[in-house]
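In my numbering, the protein residues as written are 52 to 465.
Note that beta-carbon positions come from the ideal geometry of N, C-alpha and C, so glycine has one too.
Read the structure below first, then the notes.
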Ligand code: PLP
């Protein structure tokens with residue numbers, strides 16, 4: 052089945068091309084332009100047309116090791132594996148690590164689909180009230196017991212810190228507790244940290260702080276640098292015999308599926324991961340823009356009666372319309388899918404129903420991505436990135452008006 056996020060992107064693009072006015076809140080494309088020095092690093096490497104080492108070039112691996120070290124995680128180049136997007140690396144991990152897959156619920160759409168492709172069961176555990184991306188520690192151990200009793204063999208716990216779909220950052224005490232449970236139960240932890248660079252303020256905690264010997268981190272440049280189409284991802288495996296064996300298994304999958312990350316992309320990654328000043332400034336500006344727009348969209352949803360965790364990182368929100376269920380029920384809306392359909396068909400607003408993220412079908416929840424509001428052209432996106440008051444830019448203001456009008460009409464009395 053086509054991934055729900057990519058499918059809604061294609062549907063909304065077709066509607067827009069047909070002249071329909073739709074607000075695209077359905078897709079986690081970071082929606083920002085490419086800084087000139089980064090584009091130059093890529094074009095300077097266009098002549099690199101040979102196949103390279105499966106793991107990545109030594110320059111790119113050294114650059115990634117330095118990138119981790121500057122973020123407080125000592126790393127050797129040998130612990131790093133590059134791939135065409137972290138999605139491919141996550142699949143390789145789920146294929147290589149033994150056992151069924153434990154996921155926070157809701158969780159990013161592709162984990163469960165990838166686990167199924169790898170022939171594994173998934174065990175969904177609800178997230179705590181404070182923040183998503185991590186199973187509620189109070190529920191995890193019992194969920195593992197229940198899963199085993201039902202014939203599953205939990206082996207891998209996937210965490211998303213910061214999180215998509217909720218746009219929040221798991222609390223460190225929750226990470227500590229779930230890592231202790233993972234340790235007691237012999238689980239490996241896959242920590243998807245692709246949004247770690249775009250915390251709205253401060254720094255996200257990591258499972259590496261609690262279970263370093265069994266935590267694999269995945270990351271990439273799709274979100275922080277908005278380079279999703281360049282497909283640059285990397286993974287850090289633990290040092291020591293367990294990590295070394297896993298690296299060999301991952302290289303086995305990579306060598307049979309993608310051979311290596313495209314060499315020019317490795318050159319671009321090498322440039323970016325050395326943290327040159329223009330890259331750090333770009334990511335800082337992006338962080339500010341994500342925070343400002345996500346916070347404005349959060350206000351629009353809560354003003355319409357939804358409850359929603361405050362955005363803390365990236366460009367997502369996960370509103371819950373439960374408080375206005377009777378109003379929506381009077382309009383025939385009693386599931387997340389009906390909510391998403393009404394928003395799209397009647398109000399021209401594209402969001403993804405919570406069900407796509409493993410949530411229950413009858414929950415009135417949807418994932419809202421705010422990063423495609425920055426502009427349709429490169430010029431608009433640069434302006435949004437550089438603006439001190441992006442909400443006042445005419446195209447962003449108009450989109451927010453569209454959203455407020457749509458939500459007002461959706462939840463109007465009578
Ligand atoms: N993980 C999460 C939580 C994501 O939201 C995404 C992209 O939407 C990815 C991984 C995959 O990113 P990529 O394959 O572009 O590195």
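Check whether the Cβ atoms of residue 369 and residue 401 lie closer than 9 Å to each other.
-> no
Determine the closest residue to residue 266 out of 123, 290 and 395, with distance taken between C-alpha atoms.
-> 290
Could you please give the first and the last residue of the uninterrupted beta strand (DSSP E) stretch that includes residue 417?
-> 417-420
Closest by C-alpha distance to residue 218, when choosing among 450, 434, 463 and 417 | 417
Pairing CB atoms from the stretch 177-188 with CB atoms from the stretch 320-337, are three or more of them under 8 Å?
-> no
Top-ranked residue by Cα proximity to residue 58, from 69, 74 and 78 | 78
Excluding the 5 residues preceding and the 5 following residue 108 in the sequence, name in chain order all residues of the same chain whose CB lies nearer than 6 Å to its CB.
-> 317
Inter-residue spacing [alpha-carbon to alpha-carbon] between residue 361 and residue 155 = 18 Å
Rounded to a whole number of angstroms, what is the C-alpha to C-alpha distance between residue 287 and residue 385?
-> 43 Å
Would you say the beta carbon of residue 136 comes nearer than 8 Å to a heavy atom of the ligand PLP?
-> yes
Residue 86, DSSP secondary structure in three states = coil
Assuming residue 238 contacts residue 176 (C-beta within less than 8 Å), just tell me the rounded distance between them.
-> Going by Cβ atoms, the distance from residue 238 to residue 176 rounds to 12 Å, so no, they are not a contact pair.
Quick one: Cα of residue 223 to Cα of residue 342, how far?
-> 21 Å
List in chain order: all unbroken beta strand (DSSP E) runs of 3+ residues lying wholly within the stretch 192-264.
-> 205-211 and 239-243
Would you call the stretch 154-170 and the stretch 138-146 touching, i.e. three or more CB-CB distances under 8 Å?
-> yes
At which residues does the alpha helix (DSSP H) containing residue 447 begin and terminate?
-> 445-461
Proximity test, residue 237 beta-carbon vs the ligand PLP heavy atom, cut-off 8 Å | no
In three-state terms, what does DSSP make of residue 59?
-> helix
So, is the C-beta of residue 263 closer than 9 Å to a C-beta in chain B?
-> No chain B appears in this structure, which consists of one protein chain only.
Where the beta strand (DSSP E) containing residue 371 begins and where it ends | It is not in any beta strand (DSSP E) - residue 371 carries neither H nor E in the DSSP assignment.
Can you tell me which of 434, 373 and 451 puts its alpha carbon nearest to the alpha carbon of residue 413?
-> 373
Where does residue 331 fall in DSSP's three states?
-> helix
Sufficient close CB pairs (3 or more, under 8 Å) joining the stretch 250-269 to the stretch 225-232 = yes
What is the DSSP secondary structure of residue 413, counted as helix, strand or coil?
-> coil
Cα separation between residue 278 and residue 150?
-> 32 Å
Would you mind giving the Cβ-Cβ distance between residue 269 and residue 114, rounded to the nearest angstrom? I have them listed as a contact below 8 Å.
-> Contact flag wrong, Cβ pair sits at about 17 Å.
Return yes when the Cβ of residue 96 is within less than 9 Å of the Cβ of residue 409, no when it is not.
-> no
What do you reckon, is the C-beta of residue 139 under 8 Å from a heavy atom of the ligand PLP?
-> yes
What does a CB cutoff of less than 6 Å around residue 208 pick up in its chain, not counting 5 residues either side in sequence?
-> 153, 233, 238 and 240
Around the C-beta of residue 335, are 16 or more other C-beta atoms found within 10 angstroms, so that it is buried, or is it exposed?
-> exposed
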